[in-house]
Amino acid sequence: MKKAISTDKAPKAIGPYSQAIEVNNIIYTSGIIPVVPSTGEIPEGIEAQATQAISNLAALLEESGSSTAQVIKTTVFIKDMEDFAKINEIYAKYFQGVYPARSCVEVARLPKDVLIEIEAIALK
Numbered sequence: 073m074k075k076a077i078s079t080d081k082a083p084k085a086i087g088p089y090s091q092a093i094e095v096n097n098i099i100y101t102s103g104i105i106p107v108v109p110s111t112g113e114i115p116e117g118i119e120a121q122a123t124q125a126i127s128n129l130a131a132l133l134e135e136s137g138s139s140t141a142q143v144i145k146t147t148v149f150i151k152d153m154e155d156f157a158k159i160n161e162i163y164a165k166y167f168q169g170v171y172p173a174r175s176c177v178e179v180a181r182l183p184k185d186v187l188i189e190i191e192a193i194a195l196k
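If you use my numbering, the sequence shown corresponds to residues 73 to 196, in order.
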């Protein structure tokens, strides 16, 4: 049985989808963008956006009863592969120890023209 998970500490869904779904104690998040949940603003620059996006992801995982330490796979979508090293620096602050498996893909465009979007699969 699947259960929808949502929190006001992460950006609200901007379409017909859930922020996250839990199935058999596994959490599947939708793509999380760097919107400040309380204001709807988008920070400037890749470092600020990466920090906000991963913070939003962490808040959603916490709401689900999980954490970044329980993440087993992430997919990171970025606007510019030149930002890869900067994103890695921010990413390493949130994911430590045994890092999750990860894919990173450069894309032409992301929702709200942000520079990064991240999704995750985590154990509960």
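Ideal Cβ placement from N, Cα and C applies to all residues, glycine included. Nothing here was measured: the structure is a model prediction, and the numbers come from that model.
Remark: C-beta atoms of Y100 and I188 do not approach each other more closely than 8 Å.
I126 places its beta carbon less than 8 Å from that of I190. Secondary structure remark: continuous beta strand (DSSP E) runs of at least 3 residues inside the segment 91-165, in chain order: 92-95, 98-101 and 143-150.
Assignment of K84 by DSSP, reduced to helix, strand and coil, places it in the coil class. Around the Cβ of A164, a 10 Å sphere holds fewer than 16 other Cβ atoms; the residue is exposed. Only residues of its own chain outside the window of five on either side were considered, and among them P109 have a CB closer than 8 Å to the CB of D80, listed in chain order. Boundaries for V179: no beta strand (DSSP E) harbours it, and the DSSP string shows neither H nor E there.
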